[in-house]
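Below: the structure, in structure tokens.
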Amino acid sequence: MKISGAKVPTQDLRKVEGPVSALFIVPAISGSSIMNLFSTHPTLEARIEALKNIERELEA
Amino acid sequence: MGFLDSILGKTSLPEAKTDRLFAISTAAVTLEASLGLKPDGAAGVCIKPMESSRYEAARTEIEDLLKLSFKETGTLYSIQKDEYNYIWVVLSDPDFDDLVTNIQMVCQTLMEQGFGTQLLAAVYRFKGDAIVFWIYNFKLGSYYPFVPQSGQKRDTSQEFRLKSLMEKELPIEKDEAKWYPMWGMPL
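Taken in order, these protein sequences are the chains called C and Y.
With the working numbering, letter number 12 in the first sequence gets 12, and the count goes up by one each step, no holes.
Heads up: take any position in the second sequence, counting from 1, add 1000, and you land on the working numbering.
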């Protein structure tokens, strides 16, 4: 067995799992129903989720 | 994620895997008997940041639960935010079984209330010659050892030793590149 510390990370888990990017892009097509393929705007749920993300980012 | 989901751009966060969290309960016996590592009376659950209305809801749920639990087991608790804005439920109890039960209940309650995707990690503190943390990652559904040293260094040789001695009893993450440390935990 090879014993080496090279592979073990030193970066904190909370940094790795943290908000990925401030430029959170909401997909225009969520695919939750076939009608979404023809809609021109994100669904209400997607918009609320996006707003929640922004609020969380601002609080962070 | 299925084929159609990827075509349609549907994304869903993976639910927390809690099924192997309980394994620490029996592993603690071996840790103490053959390695001299004793439970150090502290454990915690780390939860990802969320916006304030959801945070308040989650906090109330956990507090109600832990107040009840305190009457039964005498487990002390605190809820706090860390430097990354992550939320910690920190429990202290000299009885290890009570700690495990309460950690399990906190996770269960959060999952039932729809906070399953927010669960990041559960941590148990042990003490031998040095402090050893066993971190359970909810996304991986496995444990890994973390032996911090001063100056944000870690004792990797001790961590590898713990892995090889405990991998039969504890579901330990096989990919060491995922053994992310958690510095300055509030427990």
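Even glycine gets a Cβ: it sits at the ideal position worked out from N, Cα and C.
- Here the region 1167-1181 of chain Y makes no contact with the region 1048-1059 of chain Y; the two share fewer than three CB pairs at distances below 8 Å.
- Distance between Y/Y1084 and C/K15, taken at the CA atoms: about 8 Å.
- Within the region 1058-1078 of chain Y, no residue has its Cβ closer than 8 Å to any Cβ of chain C.
- Contact check for Y/K1139 and Y/P1014: beta-carbon distance about 6 Å, within the 8 Å limit, so the pair qualifies.
- From the beta-carbon of C/P9, the residues of chain Y found nearer than 8 Å are A1177, K1178, W1179, Y1180, P1181.
- Annotation: Y/Y1055 is outside any beta strand (DSSP E); the continuous alpha helix (DSSP H) that includes it extends over 1052-1073.
- Legend: CB atoms of the region 1111-1137 of chain Y lying less than 9 Å from CB atoms of chain C belong to residues L1120, A1121, I1135, N1137.
- Per DSSP, reduced to three states, the secondary structure at Y/Q1108 is helical.
- Taking 4 residues as the shortest admissible run, the region 1086-1173 of chain Y contains the following complete alpha helix (DSSP H) segments, listed from N- to C-terminal end: 1096-1112, 1156-1166.
- In summary, the residues of the region 1079-1092 of chain Y whose CB is separated from some CB of chain C by less than 9 Å are D1082, E1083, Y1084, N1085, Y1086, in the order they occur in the chain.
- Around the beta carbon of Y/Q1080, fewer than 16 other beta carbons sit within 10 angstroms, so the residue counts as exposed.
- For C/A60, the neighbours in chain Y by C-beta distance under 9 Å run, in chain order, P1049, Y1084, N1085.
- Residues of chain C whose Cβ lies closer than 7 Å to the Cβ of Y/S1052 are, in chain order, E59.
- At least one beta carbon of chain C lies nearer than 9 Å to the beta carbon of Y/C1046.
- In terms of beta-carbon proximity, Y/T1018 stays away from the interface with chain C, with every pair separated by 9 Å or more.
- Against chain Y, the CB of C/E55 has a partner CB under 9 Å away; the residue lies at that interface.
- Bounds of the beta strand (DSSP E) holding Y/L1076 are 1076-1081.
- Under the DSSP assignment, Y/A1043 falls in the beta strand (DSSP E) whose first and last residues are 1038-1047.
- Within chain Y, no residue has its beta carbon less than 7 Å from that of C/L44; the closest one is some 16 Å off.
- At a cut-off of 9 Å, the C-beta of C/R47 has no neighbouring C-beta in chain Y.
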